[in-house]
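Novice: In this note's numbering, the protein residues as written are 3 to 175.
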Amino acid sequence: MCAPLASAVFFEDEIIDIPVEATVFNYGRNGIRGTAIMKNGKIVQMAGISGILTGIGETGKALSQTTSNSALGSTSSVNGSDALLNLAGSASSSVGSKLADYYIKLAEQYHPIIELNPGNTVNIVFLKGFPLDPVGIQEYEEALAQQAENPVSATAQILNTISNPLLDRCREY
Numbered sequence: 003m004c005a006p007l008a009s010a011v012f013f014e015d016e017i018i019d020i021p022v023e024a025t026v027f028n029y030g031r032n033g034i035r036g037t038a039i040m041k042n043g044k045i046v047q048m049a050g051i052s053g054i055l056t057g058i059g060e061t062g063k064a065l066s067q068t069t070s071n072s073a074l075g076s077t078s079s080v081n082g083s084d085a086l087l088n089l090a091g092s093a094s095s096s097v098g099s100k101l102a103d104y105y106i107k108l109a110e111q112y113h114p115i116i117e118l119n120p121g122n123t124v125n126i127v128f129l130k131g132f133p134l135d136p137v138g139i140q141e142y143e144e145a146l147a148q149q150a151e152n153p154v155s156a157t158a159q160i161l162n163t164i165s166n167p168l169l170d171r172c173r174e175y
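1. Helix, strand or coil: how does DSSP classify Thr37 here?
2. Could you tell me if Tyr29 is buried or exposed, where buried requires 16 or more neighbouring beta carbons within 10 angstroms of its beta carbon?
3. Going by the DSSP bridge assignment, what does Thr69 pair with across the sheet?
4. Val137 by DSSP, collapsed to three states: which one?
5. Do you know offhand how far Lys107's Cα is from Glu16's?
6. Give every residue of the same chain whose Cβ lies closer than 7 Å to the Cβ of Val80, excluding the five residues on either side of it in the sequence, and list them in chain order.
7. Just to confirm, is the Cβ distance from Ser96 to Ile58 under 8 Å?
8. Please check the pair Tyr105 and Met48, which I expect to be a contact at CB under 8 Å, by giving their CB distance rounded to whole angstroms.
9. Determine contact between the stretch 32-43 and the stretch 125-143, defined as no fewer than three beta-carbon pairs at a distance below 8 Å.
10. Mark Lys126 as exposed unless 16 or more other C-beta atoms lie within 10 angstroms of its C-beta, in which case mark it buried.
11. Is DSSP giving Thr25 helix, strand or coil here?
12. Go to Glu117, then tell me how far its beta strand (DSSP E) extends in each direction, as first and last residue.
13. With a threshold of 7 Å, establish whether the CB of Ala10 neighbours any heavy atom of the ligand NAP.
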């Protein structure tokens, strides 16, 4: 489990929210044991109802058509008295299909929420340091904003990791 933000209240009732890189775990394992809860039940239900609407529309459309088979192939025709049923069937079939696709795509975007038991003891490991004084926090946030505006390329990151700044000092001796 990742911790993207740390919040703290100081003695002077000053509240800070600072971006951090941290991981949270308990009992020596990454992550915290909890119960996964999916909140997309209503969306899946609406997708099912939309699918039923599609089926009803297809049925109405099929009932309003007369199919004739001949040597040249099969043709479908609609009686004048059944034109309204055909129109309603085609429209509801199309709308139901689009709604079902929409709800399914919406349901795919949902992720489970992990519900934790109250009173869990957790360990937090900060992967990078961060300041706790107001001046340092302001400078830290400005540096993060500048990094977001001018991201470092992957090649530059690899070269910075490979090249050790202490090597230059060793060459001086």
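Even glycine gets a Cβ: it sits at the ideal position worked out from N, Cα and C.
Specialist: On the basis of the supplied data:
1. For the purposes of this step, residue 37 is taken as residue 35 along the sequence shown, with counting starting at 1. Thr37 sits in a strand when the DSSP states are folded into three classes.
2. Mapped onto the sequence shown, residue 29 falls at position 27. The Cβ neighbour count for Tyr29, taken over all protein chains shown within 10 Å, is under 16; the residue is labelled exposed.
3. On the sequence shown, residue 69 is found 67 positions in, with the first residue counted as 1. Beta-bridge pairing links Thr69 to Ser78.
4. For the purposes of this step, residue 137 is taken as the residue at position 135 of the sequence shown. Helix, per DSSP.
5. Locating residue 107 in the sequence shown gives position 105, where the first residue counts as 1. Locating residue 16 in the sequence shown gives position 14, where the first residue counts as 1. Distance between the alpha carbons of Lys107 and Glu16 is about 43 Å.
6. Here residue 80 refers to the residue found at position 78 when the sequence shown is read from its first residue. Answer for Val80: Ser66, Gln67 and Asn88, listed in chain order.
7. As a working note, residue 96 is residue 94 in the sequence shown. As a working note, residue 58 is residue 56 in the sequence shown. No, Cβ-Cβ distance for Ser96 and Ile58 is not below 8 Å.
8. Locating residue 105 in the sequence shown gives position 103, where the first residue counts as 1. Locating residue 48 in the sequence shown gives position 46, where the first residue counts as 1. So it is a contact: roughly 5 Å between Cβ atoms.
9. These segments do not touch.
10. As a first step, residue 126 is located in the sequence shown; it is residue number 124 there, counting from the start. As written in the sequence, residue 126 is Ile, which differs from the Lys given in the question. Exposed is the call here.
11. As a first step, residue 25 must be located in the sequence shown, where it is residue number 23. In the structure shown, Thr25 sits in a strand (DSSP, three-state: E or B).
12. In the sequence shown, residue 117 corresponds to position 115, counting from 1. Run containing Glu117: Ile115 to Glu117, per the beta strand (DSSP E) assignment.
13. The ligand NAP is not among the ligands present in this structure, which contains no ligands whatsoever.
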